[in-house]
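Its first residue numbered 0, the sequence shown is counted upward by one per residue in numbering that gives the first Met the number 0.
Note that the Cβ used here is the ideal one computed from N, Cα and C, for glycine as well.
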Amino acid sequence: MTDTFYITTPIYYVNSHPHIGHAYTTIVTDVLTRFRKLFGDDTYFLTGTDEHGQKIVESATKAGVEPQAFVDKISREFREMWPHLHIEFDQFIRTTDPEHKACVQKILQKIYDQGEIYLKEYEGLYCVGCERFLDEAELEDGNCPDHQTPPKFYQEQNYFFKMSAYQDWLLEELKQNESWIYPGRYRNELIQFLKAPLQDLCISRPKSRLAWGIDLPFDKNFV
0 MTDTFYITTP IYYVNSHPHI GHAYTTIVTD VLTRFRKLFG DDTYFLTGTD
50 EHGQKIVESA TKAGVEPQAF VDKISREFRE MWPHLHIEFD QFIRTTDPEH
100 KACVQKILQK IYDQGEIYLK EYEGLYCVGC ERFLDEAELE DGNCPDHQTP
150 PKFYQEQNYF FKMSAYQDWL LEELKQNESW IYPGRYRNEL IQFLKAPLQD
200 LCISRPKSRL AWGIDLPFDK NFV
């Protein structure tokens with residue numbers, strides 16, 4: 000019986016040029032795709048580029064160009080690199096594609112209509128490199144442990160997804176479906192992580208701080 004496999008790389012962040020780590024990940028994905036096809040499986044291989052965020056704006060500013068021109072150039076470098084490595088993907092997605100934007104907005108509107116997204120005042124320490132807020136307990140000598148730079152303090156309104164409402168469901172699903180995550184040690188790590196209180200997920204940035212993103216369909220003041 001033919002199985003169906005959907006295989007994807009990360010969608011690579013285009014704040015800088017492709018490097019050997021991108022090549023390694025994509026080669027591994029291509030090998031896995033070819034392996035499944037040897038068994039006659041219906042396999043779909045996707046890769047692409049993630050093109051929004053504060054780091055993109057900063058990199059474009061340093062290069063002296065607009066964000067769209069910057070991501071067009073770097074995304075093209077990624078796409079043109081794969082044929083040189085004999086990598087054969089089925090789709091190359093860009094988060095600036097009109098189809099992607101429309102899909103994201105449709106999904107967010109549906110979740111919002113279901114009452115799963117809410118607006119609240121939030122203050123915290125934001126790392127531009129990580130593009131997320133950090134807890135003080137995560138810091139090392141006042142710096143982000145990954146980038147070794149001090150995060151910036153922000154106080155602002157943002158939209159949040161009620162991820163905490165799904166903690167018990169996620170935990171139960173992972174316990175009942177052992178094959179979802181491989182190797183098993185990573186599954187066990189995730190289960191341990193989900194036993195701690197799961198925080199709601201910040202999904203927006205105010206345009207007053209960051210305009211380079213996909214407009215929220217229910218509030219045009221945010222991306």
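Distance from ILE202 to PHE159 at the Cβ level is roughly 7 Å; contact confirmed, criterion being Cβ atoms closer than 8 Å.
Look at PRO205 here: in three-state DSSP terms it is strand. Between the region 153 to 173 and the region 186 to 200, the count of C-beta pairs closer than 8 Å reaches three or more; the two stretches touch. In this structure, GLU139 lies away from LEU124, with their beta-carbon atoms at least 8 Å apart. Beta-bridge annotation (DSSP): LEU215 is paired with ASP218. With 16 or more other Cβ atoms inside 10 Å of its own Cβ, THR28 counts as buried. Under the DSSP assignment, THR46 falls in the beta strand (DSSP E) whose first and last residues are 41 to 49.
Contact check between the region 139 to 154 and the region 100 to 112: fewer than three CB pairs, one atom from each, fall below 8 Å, which does not count as touching. CA-to-CA, the gap between LEU133 and GLN198 works out to about 12 Å. Per DSSP, the continuous beta strand (DSSP E) segment holding PHE4 begins and ends at 3 to 7. By the 16-neighbour rule on beta-carbons within 10 angstroms, LEU37 is exposed. In the three-state DSSP reduction, ASN187 falls in the helix class (H, G or I). For THR148, same chain residues with a beta-carbon under 7 Å away, outside a window of 5 residues either side, are GLY128 and ASN142 in chain order. The region 169 to 184 makes no contact with the region 9 to 25; the number of CB pairs closer than 8 Å stays below 3. A check of alpha carbon separations from GLN154 across PRO17, PRO205 and ILE19 identifies PRO205 as the nearest. At a cut-off of 4 residues, the continuous stretches assigned as alpha helix (DSSP H) that sit fully inside the region 92 to 124 are 97 to 112. Note: PHE160 is bridge-paired with ILE116 and LEU200 in the DSSP secondary-structure output. By the Cβ-count criterion, ASN220 is exposed, with fewer than 16 other Cβ atoms from all chains shown falling within 10 Å of its own Cβ. If you draw a 10 Å sphere on the C-beta of VAL30, you find fewer than 16 other C-beta atoms in it, and that means exposed.
Setting aside the 5 residues that flank it on each side, PHE152 is surrounded in the same chain by GLU122, GLY123, LEU124 and TYR125, each with a C-beta closer than 8 Å to its C-beta; the list follows chain order. Distances from the alpha-carbon of GLU76 to those of GLU130, GLU50 and PRO17 put PRO17 closest.
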